[in-house]
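Visitor:
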Amino acid sequence: MSGDAAGMIHPLCGNGMSMAIQSAQLASKLILNYQNGEIDSRKELEKQYLRQWNKKFGFRLKVGHFISMLFRKDRIATVLLQALKKLPFLLPIIIKQTHGKPMKL
Ligand SMILES: Cc1cc2nc3c(=O)[nH]c(=O)nc-3n(C[C@H](O)[C@H](O)[C@H](O)COP(=O)(O)OP(=O)(O)OC[C@H]3O[C@@H](n4cnc5c(N)ncnc54)[C@H](O)[C@@H]3O)c2cc1C
């Protein structure tokens with residue numbers, strides 16, 4: 058699966074469209090390798106896709122779920138928002154954890 062079907066990032070983090078395009082690119086490249094005979098079997102194709110998908114998106118999805126979990130707790134969310142108001146430089150650092158790097162063709 059790719060895009061949202063493989064894993065949805067919380068709207069708070071954004072970048073779902075980029076993840077859909079990047080995971081489709083991952084799958085396409087591996088499928089081409091499978092068709093060229095560089096990957097021996099469908100099982101190996103799926104294994105490689107899973108490995109690459111987790112490497113690319115696993116961490117940011119975890120961060121996204123963690124942040125959204127914090128913001129679902131009223132008291133923690135209030136404290137966090139106050140902290141972010143006082144320390145605004147933290148916001149881009151947090152957002153960066155939920156975003157990937159620009160795509161390479
Ligand atoms: C309200 C909202 C706002 C968003 N804002 C942003 C944003 O600002 N920036 C951002 O990066 N991301 C945003 N996203 C997330 C982004 O839209 C998704 O992460 C992205 O579109 C996922 O792409 P996808 O191709 O995986 O799935 P989708 O775009 O959902 O495409 C799946 C397609 O498959 C079709 N389909 C489903 N079942 C079948 C079937 N059985 N047979 C045939 N076709 C089928 C659907 O009709 C759909 O066209 C937003 C999402 C929502 C809901």
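Residue numbers (our numbering): 58 to 162. Cβ coordinates follow ideal geometry from the N, Cα and C atoms, glycine included. Treat the numbers as computed from the prediction; the structure is a model and nothing was measured.
#1: Just the Cα atoms here: how many angstroms apart are L69 and G121?
#2: Using a beta-carbon distance below 8 Å, is K104 in contact with chain D?
#3: Write down the C-beta distance between L118 and G64 rounded to the nearest angstrom, noting that I regard them as a contact closer than 8 Å.
#4: Is it buried or exposed, S80, if we count other Cβ atoms within 10 angstroms and call 16 or more buried?
#5: Helix, strand or coil for K46, going by three-state DSSP, please let me know.
#6: Following a CB-centred definition, is D61 positioned closer than 7 Å to any heavy atom of ligand 1?
#7: Can you give me the C-alpha to C-alpha distance between P149 and F128, rounded to a whole angstrom?
#8: Taking the alpha-carbon positions, what's the L89 to M126 distance?
#9: Sort I66, Q105 and H156 by Cα distance to S85 and report the nearest one.
Guide: The short version:
#1: Residue mapping note: residue 69 aligns to position 12 of the sequence shown, counting from 1. Residue mapping note: residue 121 aligns to position 64 of the sequence shown, counting from 1. Taking the CA atoms as reference points, L69 sits about 8 Å from G121.
#2: Looking at the structure shown, chain D is missing, and only one protein chain is on hand.
#3: For the purposes of this step, residue 118 is taken as the residue at position 61 of the sequence shown. For the purposes of this step, residue 64 is taken as the residue at position 7 of the sequence shown. With a Cβ gap of about 5 Å, L118 and G64 count as contacting.
#4: Counting from 1 along the sequence shown, the entry for residue 80 is found at position 23. The residue is buried, with at least 16 neighbouring Cβ atoms inside 10 Å.
#5: With the chain represented from 58 up to 162, any question about residue 46 goes unanswered, as that position is not in the structure.
#6: Looking up residue 61 in the sequence shown gives position 4. Yes, ligand 1 has a heavy atom inside 7 Å of this Cβ.
#7: The residue labelled residue 149 in the question sits at position 92 within the sequence shown. The residue labelled residue 128 in the question sits at position 71 within the sequence shown. Those two C-alpha atoms are separated by around 17 Å.
#8: In the sequence shown, the residue the question calls residue 89 occupies position 32. In the sequence shown, the residue the question calls residue 126 occupies position 69. Approximately 38 Å between the Cα atoms of the pair.
#9: Counting from 1 along the sequence shown, the entry for residue 85 is found at position 28. The closest CA to that of S85, considering only I66, Q105 and H156, is found on Q105.
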